[in-house]
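There are 2 protein chains.
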Amino acid sequence: MQSQVTQLIEHLIHDEHSPNSISQMMSEFSPDDIALALESIPLDQRKQAWENIKQANRLDILVEMRGESRQLLLKELDDSEIENLFADVDAAGLLEITDSLPDRLVDLALKQMDNKQREYYQQGIVYDDDIVGRWIDHELLIASQSIRVAEAMRLLKKATPTYTDMIYLVNRTGRWVGCVKFDKLFKAHEQDPISNLIDEECAVIQADMTLTKAAEQLEKSTLSALPVVDNNLILLGRFHAGLALETLRLENEAQQMSTAGLNEESDLFAPVKRSAATRGIWLGINLLTAFLASAFIGLFEATLQQVVALAVLMPVVASMGGIAGSQTLTLIVRGLALGQITRSNLKSLLSKELKVGWLNGMVWAIIIGLVTYWWFNNSLLGAVIGLAIIINILMAALSGVLIPVLLDILHIDPALSGSVILTTVTDIAGFVAFLGLGTLLLI
Amino acid sequence: MQSQVTQLIEHLIHDEHSPNSISQMMSEFSPDDIALALESIPLDQRKQAWENIKQANRLDILVEMRGESRQLLLKELDDSEIENLFADVDAAGLLEITDSLPDRLVDLALKQMDNKQREYYQQGIVYDDDIVGRWIDHELLIASQSIRVAEAMRLLKKATPTYTDMIYLVNRTGRWVGCVKFDKLFKAHEQDPISNLIDEECAVIQADMTLTKAAEQLEKSTLSALPVVDNNLILLGRFHAGLALETLRLENEAQQMSTAGLNEESDLFAPVKRSAATRGIWLGINLLTAFLASAFIGLFEATLQQVVALAVLMPVVASMGGIAGSQTLTLIVRGLALGQITRSNLKSLLSKELKVGWLNGMVWAIIIGLVTYWWFNNSLLGAVIGLAIIINILMAALSGVLIPVLLDILHIDPALSGSVILTTVTDIAGFVAFLGLGTLLLI
Chain A
1 MQSQVTQLIE HLIHDEHSPN SISQMMSEFS PDDIALALES IPLDQRKQAW
51 ENIKQANRLD ILVEMRGESR QLLLKELDDS EIENLFADVD AAGLLEITDS
101 LPDRLVDLAL KQMDNKQREY YQQGIVYDDD IVGRWIDHEL LIASQSIRVA
151 EAMRLLKKAT PTYTDMIYLV NRTGRWVGCV KFDKLFKAHE QDPISNLIDE
201 ECAVIQADMT LTKAAEQLEK STLSALPVVD NNLILLGRFH AGLALETLRL
251 ENEAQQMSTA GLNEESDLFA PVKRSAATRG IWLGINLLTA FLASAFIGLF
301 EATLQQVVAL AVLMPVVASM GGIAGSQTLT LIVRGLALGQ ITRSNLKSLL
351 SKELKVGWLN GMVWAIIIGL VTYWWFNNSL LGAVIGLAII INILMAALSG
401 VLIPVLLDIL HIDPALSGSV ILTTVTDIAG FVAFLGLGTL LLI
Chain B
1 MQSQVTQLIE HLIHDEHSPN SISQMMSEFS PDDIALALES IPLDQRKQAW
51 ENIKQANRLD ILVEMRGESR QLLLKELDDS EIENLFADVD AAGLLEITDS
101 LPDRLVDLAL KQMDNKQREY YQQGIVYDDD IVGRWIDHEL LIASQSIRVA
151 EAMRLLKKAT PTYTDMIYLV NRTGRWVGCV KFDKLFKAHE QDPISNLIDE
201 ECAVIQADMT LTKAAEQLEK STLSALPVVD NNLILLGRFH AGLALETLRL
251 ENEAQQMSTA GLNEESDLFA PVKRSAATRG IWLGINLLTA FLASAFIGLF
301 EATLQQVVAL AVLMPVVASM GGIAGSQTLT LIVRGLALGQ ITRSNLKSLL
351 SKELKVGWLN GMVWAIIIGL VTYWWFNNSL LGAVIGLAII INILMAALSG
401 VLIPVLLDIL HIDPALSGSV ILTTVTDIAG FVAFLGLGTL LLI
């Protein structure tokens, strides 16, 4: 499948002058494949390819595009084209692209919408885009709790939306009463009151829950969709497996991108200035921590001048601490995400990590000490680096446990900032331990 | 929900001497919550908690545990207990835990299994654990292509498994013919031949597909489950949304852990020696790259001795390159995973990344150059570090594009090893550029 998208990309780049063959080829792909292909070609060619897409398909493709790519494309279009594009956008589509649009165009699209869709949009827009309430699916089988099985079966004959394995029951005020799973429904007699079949265990999702939490709930439920309710238990719609899968897939991507200070909406071919500016922020943060580490090295200028081998070996001490620390950090960050870390097991955890650090510190101190002795023919230097390695790996274990726990208490996501803080600590601790011991023992 | 698991953990740690209250509390949790709670307490307390779990629930909990935690627990149990435990394990359960068991116990469990389950096990075990074939769901609605709608509806009255929104049709040899979605089935007349309702677009999954690919296919299909077939199109079973969600969730976790050289089966409280050994490998790889970088620094010992400020500022140059490079690398690794990178766009991509590098290199070179000038009151040193920053950031852009692409061509996962190779390159390039220019211009 991926190779097909690759073909489409090649085609778009090479056949830019044969619009017919392109629009022919594109008709064989789904909107999300075309969106991905558009994101994979340089900006000037992208505009050309866009013009070869049939008007009727453009909106669907735009909705599927990554935020930055969509913004860059919308910038190239003139207002009348955008207005045409949004003539029949629905609530879900507009909620997806609303952040890339000026208010004026959002208002215009809302005016053209029918009442029901406008209401869905207004219900959704109050929630952030990582919250279930924004992405509620309004296609669902819904029935009064007072009907009989025969009536429910007639409901099924009209239409069964995708991801449906139950009927949702409400009372007269639209309040959630319970669900009836297909398995029970099909086995029941036509004249049974449907309320006899209600499943007690059927979970509901609150509209203000995060998508991630909701996906977790859905997985636990072994159902294809769960009902979404507001604070008064009024049934608003569904959260289904398709959305849950998309959530986890995008989260995966976001997590991967965030390790480099990027976000998952980034365009592969964003304009140079724009890319440089976004990435510059992360470089700047890193620069501050690097200068901080340098300042600590600077304290030992006199020592470095006398024992230049210390300068040669400095990075070894810092990086061993950084690696050991990030191992502990990663384990703790996962534990925090899973709810595994509690007040009671924190002490055992810290003691275990310190013991692992002690053992690994000893082993690697000996190895590094011997290599250093062999390299510089200086046994005292070997002892100094060995001691510094032990100190820094122990420091790394301590920081690896405490930094994410403290960030979590302060409600800062440890997955994002933990690693920057940790390596700053292990860099500084490594330099100070190594150069400090060097000053004491070698001079 | 997470807070509930947290409560269970606290309870297990503090109430170790009141088995009744523990087994009472545990009865309120699902096997995967209990598994998680067990993984969250130190090993000695874990054994005690295990003994308070009812015999009937133990197998389900064991199946839900992470690989390393399960292995550690199994080590503590004697053979007769393990034999009891596996008296009524099914194929899916045994496939999950088989890697933690000695062959002898697997054979024993297989002997106790009924023929059908043993066959499923033997079908599954030939596939690796990231392949669909290993985890096929065998509960499905399956019918001959020659029946009528009325018969299909009778099938539904018997039982409708979870994640079911269609009936699978096969011919007399068990070969896949097509699917009939509930939506069409419910609307049809009782006497219609079911073959009239076959959905042409219904995707199938090959048993040898990876779980990740299959989850992607399922998301695209907007169905709750897809049929799994072998190479001869014989229908083997299903791949459903529950498994797809689990796949993505675990993949997320695996990816997070792999950045620190850990794997997602790691136990939070693994024994110290064992943890130290696993983590030591990653530390060792890192040590080799650190020594390599040191060796390059060592080439400039004479220079460092004369201009000690170079030693103080070295880490700044290396780390700016590392950060800039990992930004490019991350973007390219994502592009490769999505199938976005082709022969034709690679050149544009490289040129764009070099331009971003050039721009950011210039900006940060000026800033860092000025700070250095102000700090050391040495304008030539400022020029040297500025030039080195530009060279290293350009080198980072080049490596960030080329390293993952080369790894991909060599069929090595760039997400795993790309970052280690990249930072080695940027460290070395940074040190050599900075110290080399220092030697030329400052001495």
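Chains A and B, in that order, give the protein sequences. In terms of UniProt numbering, the first sequence opens at residue 1 and continues consecutively. In terms of UniProt numbering, the second sequence opens at residue 1 and continues consecutively. Where a beta carbon is used, it is the ideal one built from N, C-alpha and C, also for glycine. Quantities reported herein were computed from a predicted structural model and do not represent experimental measurements.
In angstroms, rounded to a whole number, what distance separates the CA positions of residue i and residue j?
i	j	result
residue 324 (chain A)	residue 394 (chain A)	9 Å
residue 115 (chain A)	residue 135 (chain A)	18 Å
residue 248 (chain A)	residue 216 (chain A)	10 Å
residue 202 (chain B)	residue 179 (chain B)	6 Å
residue 334 (chain A)	residue 194 (chain A)	44 Å
residue 102 (chain B)	residue 365 (chain B)	59 Å
residue 20 (chain B)	residue 207 (chain B)	46 Å
residue 122 (chain A)	residue 99 (chain A)	14 Å
residue 376 (chain B)	residue 210 (chain A)	51 Å
residue 90 (chain B)	residue 110 (chain B)	9 Å
residue 4 (chain B)	residue 58 (chain B)	20 Å
residue 316 (chain A)	residue 294 (chain B)	7 Å
Under 6 Å Cβ to Cβ from residue i, same chain only, skipping five residues before and after it: list those, please.
i	result
residue 425 (chain A)	399
Could you confirm whether any beta carbon from chain A is found closer than 7 Å to the beta carbon of residue i?
i	result
residue 377 (chain B)	no
residue 227 (chain B)	no
residue 385 (chain B)	no
residue 9 (chain B)	yes
residue 443 (chain B)	no
residue 92 (chain B)	no
residue 315 (chain B)	yes
residue 13 (chain B)	yes
residue 119 (chain B)	no
residue 280 (chain B)	yes
residue 87 (chain B)	no
residue 57 (chain B)	no
residue 436 (chain B)	no
residue 424 (chain B)	no
In terms of alpha-carbon separation, which member of the options lies closest to residue i?
i	options	result
residue 250 (chain B)	B:65, B:177, B:14 and B:207	B:65
residue 328 (chain B)	B:255, B:386 and B:414	B:414
residue 112 (chain B)	B:408, B:363, B:348 and B:85	B:85
residue 171 (chain A)	A:283, A:93, A:144 and A:441	A:144
residue 96 (chain B)	B:133, B:76 and B:79	B:133
residue 381 (chain B)	B:390, B:37 and B:369	B:369
residue 402 (chain B)	B:336, B:245 and B:47	B:336
residue 278 (chain B)	B:261, B:219 and B:220	B:261
residue 78 (chain B)	B:60, B:51, B:92 and B:316	B:51
residue 93 (chain A)	A:75, A:125 and A:76	A:125
residue 373 (chain B)	B:174, B:309, B:118 and B:299	B:309
residue 288 (chain B)	B:105, B:421 and B:43	B:421
residue 283 (chain B)	A:361, A:147, A:351 and A:387	A:361
In chain order, what residues of the same chain lie with their CB nearer than 8 Å to the CB of residue i, ignoring the 5 residues before and after it?
i	result
residue 297 (chain A)	304, 314, 431 and 435
residue 41 (chain A)	9, 12, 13, 49 and 269
residue 2 (chain B)	Because the pLDDT of residue 2 (chain B) is 48, which lies under 50, any placement of that residue in the model is unreliable, and the question is left without a value.
residue 73 (chain A)	38, 46, 47, 50, 62 and 65
residue 67 (chain A)	99, 100 and 265
Is the CB of residue i under 7 Å away from at least one CB in chain B?
i	result
residue 65 (chain A)	no
residue 432 (chain A)	no
Can you find the residues in the same chain that come closer than 7 Å, C-beta to C-beta, to residue i, ignoring five residues on each side of it along the sequence?
i	result
residue 189 (chain A)	149
residue 241 (chain A)	163, 218, 224 and 225
residue 527 (chain A)	No information on residue 527 (chain A) is available, as it lies outside the stretch 1 to 443 that chain A covers here.
residue 419 (chain B)	326 and 329
Could you tell me whether any Cβ in chain E is nearer than 7 Å to the Cβ of residue i?
i	result
residue 219 (chain A)	Among the protein chains of the structure shown, namely A and B, there is no chain E.
Subject >> Contacting positions in the segment 391-418 of chain A - beta carbon closer than 7 Å to chain B >> reply: none
Original post:
Using Cβ-Cβ distances below 8 Å, what residues of the segment 352-372 of chain B are close to chain A?
Top reply: Here the close residues are 352, 355, 356, 359, 360, 363, 364, 367, 368 and 371.
Original post:
What are the residues of the segment 288-305 of chain A that lie near chain B, defined by any Cβ-Cβ distance shorter than 7 Å?
Top reply: 290, 291, 293, 294, 297, 298, 301, 304 and 305
Subject >> Proximal residues, the segment 182-209 of chain A versus chain B, C-beta separation under 7 Å >> reply: 182, 183, 186 and 187
**OP:** Scan the segment 36-49 of chain A for residues whose Cβ lies nearer than 9 Å to a Cβ of chain B and list them as they occur along the chain.
**Re:** 36, 37, 39, 40, 41, 42 and 45
Original post:
If you measure beta-carbon to beta-carbon, which residues of the segment 233-260 of chain A are closer than 8 Å to chain B?
Top reply: 241, 242, 244, 245, 246, 248, 249, 251, 252, 253, 255, 256, 257, 259 and 260
Subject >> Interface positions of the segment 316-348 of chain B facing chain A (Cβ-Cβ less than 8 Å), listed along the chain >> reply: 316, 318, 319, 320, 323, 324, 326, 327, 329, 330, 331, 333, 334, 335, 338, 339, 340, 341, 342, 343, 344, 345 and 348
Subject >> Residues, ordered as in the chain, of the segment 144-171 of chain A that lie near chain B by beta-carbon distance below 9 Å >> reply: 153, 156, 157, 158, 159, 160, 161, 162, 163, 164 and 165
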